[in-house]
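Q: Below is a structure I'd like to ask you about.
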Amino acid sequence: MTFDDATGQDDERDLALSHWQANGIEGRAVRWDDPAADWSAYDAVVVRSVWDYIDRREEFLTWARGVESVTRLLNPVAVLESNTDKTYLRDLGVPTVPTHWSAHDLPDWPEYVVKPAISAGARDTTRTTDRDKAAELAAALQAAGRQPMVQPYLDMVESEGETSLLYFNRRFSHAVRRHPMLAPGATFDHNARAELRTPAPDQVDLAEKVLAAIPHALLYARIDLVRLSDGTPVVIELELTEPYLFLRYAPDAAANLARALTELV
Ligand SMILES: Nc1ncnc2c1ncn2[C@@H]1O[C@H](COP(=O)(O)OP(=O)(O)O)[C@@H](O)[C@H]1O
Ligand SMILES: [Mg+2]
1 MTFDDATGQD
11 DERDLALSHW
21 QANGIEGRAV
31 RWDDPAADWS
41 AYDAVVVRSV
51 WDYIDRREEF
61 LTWARGVESV
71 TRLLNPVAVL
81 ESNTDKTYLR
91 DLGVPTVPTH
101 WSAHDLPDWP
111 EYVVKPAISA
121 GARDTTRTTD
131 RDKAAELAAA
141 LQAAGRQPMV
151 QPYLDMVESE
161 GETSLLYFNR
171 RFSHAVRRHP
181 MLAPGATFDH
191 NARAELRTPA
201 PDQVDLAEKV
211 LAAIPHALLY
221 ARIDLVRLSD
231 GTPVVIELEL
241 TEPYLFLRYA
251 PDAAANLARA
261 LTELV
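Under my numbering, the sequence shown has 93 at position 93, and the numbering climbs by one with no breaks.
Structure (structure tokens):
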């Protein structure tokens, strides 16, 4: 199981490892960029809290290719490659949050969210009602060589809330209601705060459509859903790289993950 040293403690690690142990899997946390690590010594390498890859995506993917050449990598590098850049949203083949991919000719929306295609934890993500300001922010990302994404702000994230569905080896494990990250007072910590929730049938249908379109092994998949103002469920993000898994929020979650791992290795 990999982690990084730069972005702080992964508070799900010990819970996951203890359930692996109970399933006969001897797991260890190893820094993904530890030059001394011998990945070929493991039956599998599970990507976990590598939250510092955002600024080093190429290095991370090169690392992942190297690991996959000597052992089983979960999720596989083909998944990591596509999933670390949100332009994958254009090719999912399911409804996603309406997104304008340039700094020019912004649609008329009451409120905007501007974010880079390569990000996590709402980094460099801004909310504004000012169309010119949104265009400026998108242009600044573009000038820095980053792909901007401009979206309407969906205020249902503050009422019904974003729903994250967790699947381990494609089997539904649990779902949570997320806290809004762009509401006043939100902190990075809100990224890992949630309440257990039963997903609606239309959300389960959409999540399963997304999974069916991915022809690779998936130890873990987190499908983040919101709704448009007419109620249509849409994907805001598909987390297949280093998702926080909300393992402490459901009694069976950590056991479900361990079982999925035994099935795949
Ligand atoms: N269009 C949007 N409308 C409302 N909230 C948004 C929107 N885009 C992002 N957010 C908020 O910002 C958070 C992070 O954005 P997201 O697209 O999930 O990227 P990441 O998690 O990779 O930073 C979301 O969980 C949500 O709270
Ligand atoms: Mg997200």
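Every residue, glycine too, gets a C-beta built ideally from N, C-alpha and C.
Three Cβ pairs or more, each shorter than 8 Å: is that satisfied between the region 218 to 231 and the region 181 to 195?
A: no
Q: Say yes only if the C-beta of Ser82 is nearer than 7 Å to one or more non-hydrogen atoms of ligand 1, and no if none qualify.
A: no
Q: Can you tell me whether DSSP reads His174 as helix, strand or coil?
A: strand
Q: Starting from the Cα of Lys86, find the closest Cα among Asp43, Leu73, Asn75, Trp101 and give me that residue.
A: Scanning Asp43, Leu73, Asn75, Trp101 for the CA closest to the CA of Lys86 turns up Trp101.
Q: Just the C-alpha distance for Gly27 and Thr2, rounded to the nearest angstrom, thanks.
A: In this structure, the CA atom of Gly27 is about 10 Å from the CA atom of Thr2.
Q: Starting from Phe168 and walking both ways along the beta strand (DSSP E), at which residues does that stretch end?
A: Per DSSP, Phe168 belongs to the beta strand (DSSP E) from 163 to 168.
Q: Quick check on DSSP: helix, strand or coil for Glu68?
A: In the structure shown, Glu68 sits in a helix (DSSP, three-state: H, G or I).
Q: Is the number of C-beta pairs between the region 7 to 20 and the region 248 to 262 that are closer than 8 Å three or more?
A: yes
Q: Ends of the alpha helix (DSSP H) at Leu80?
A: Here the alpha helix (DSSP H) through Leu80 covers 77 to 83.
Q: So, using beta-carbon positions, are Ile118 and Thr84 closer together than 8 Å?
A: yes
Q: Name the two residues that bound the continuous alpha helix (DSSP H) containing Thr126.
A: From DSSP, Thr126 is part of no alpha helix (DSSP H) but of the beta strand (DSSP E) over 126 to 128.
Q: Give the DSSP bridge partners of Ala120, in chain order.
A: In the DSSP assignment, no residue is bridged to Ala120.
Q: Compare the C-alpha of Arg193 against each of Ala44, Val176, Ala122, Pro251 and name the closest.
A: Val176
Q: From which residue to which residue does the beta strand (DSSP E) around Val238 run?
A: Residue 238 is actually Leu in this sequence, not Val. Where Leu238 is concerned, the enclosing beta strand (DSSP E) stretches over 233 to 239.
Q: Could you tell me which residues DSSP puts in a beta bridge with Tyr112?
A: Thr128, Pro152
Q: Where does Leu73 sit, in a helix, a strand or coil, going by DSSP?
A: strand
Q: So, is His174 buried or exposed, given that buried needs 16 or more other C-beta atoms within 10 angstroms?
A: With 16 or more Cβ atoms within 10 Å of its Cβ, His174 is classed as buried.
Q: Any contact of the region 60 to 80 with the region 120 to 140, i.e. 3+ C-beta pairs under 8 Å?
A: no
Q: For ligand 2, is there a heavy atom less than 7 Å away from the beta-carbon of Glu237?
A: yes
Q: To which residues of the same chain is Gln103 closer than 7 Å at the C-beta, ignoring the five residues directly before and after it?
A: Here residue 103 turns out to be Ala, not Gln, going by the sequence shown. Non-local C-beta neighbours of Ala103 in its own chain, meaning closer than 7 Å and more than five positions away in sequence, comprise Ala135, Ala138, Ala139, Gln142, Pro148, ordered along the chain.
Q: How would the residue list near ligand 1 read, in chain order, if you kept each one whose beta-carbon is closer than 5 Å to any heavy atom?
A: Going by the Cβ distance cut-off, the answer is Val113, Ser119, Ala120, Ala122, Gln151, Tyr153, Leu154, Val157, Pro180, Met181, Leu182, Glu237.
Q: Using the beta-carbon count (16 or more within 10 Å), is Arg248 buried or exposed?
A: exposed
Q: Bridge partners of Phe3, per DSSP?
A: Arg31, Ser49
Q: According to DSSP, is Arg283 part of a helix, a strand, or is it coil?
A: Missing from the structure shown is residue 283; the chain here goes from 1 to 265 and no further.
Q: For ligand 2, any of its heavy atoms closer than 7 Å to the Cβ of Asp85?
A: Asp85 has its Cβ no nearer than 7 Å to any heavy atom of ligand 2.
Q: If you drop the 5 nearest sequence neighbours on each side, which residues of the same chain put their C-beta closer than 6 Å to that of Tyr53?
A: Phe60
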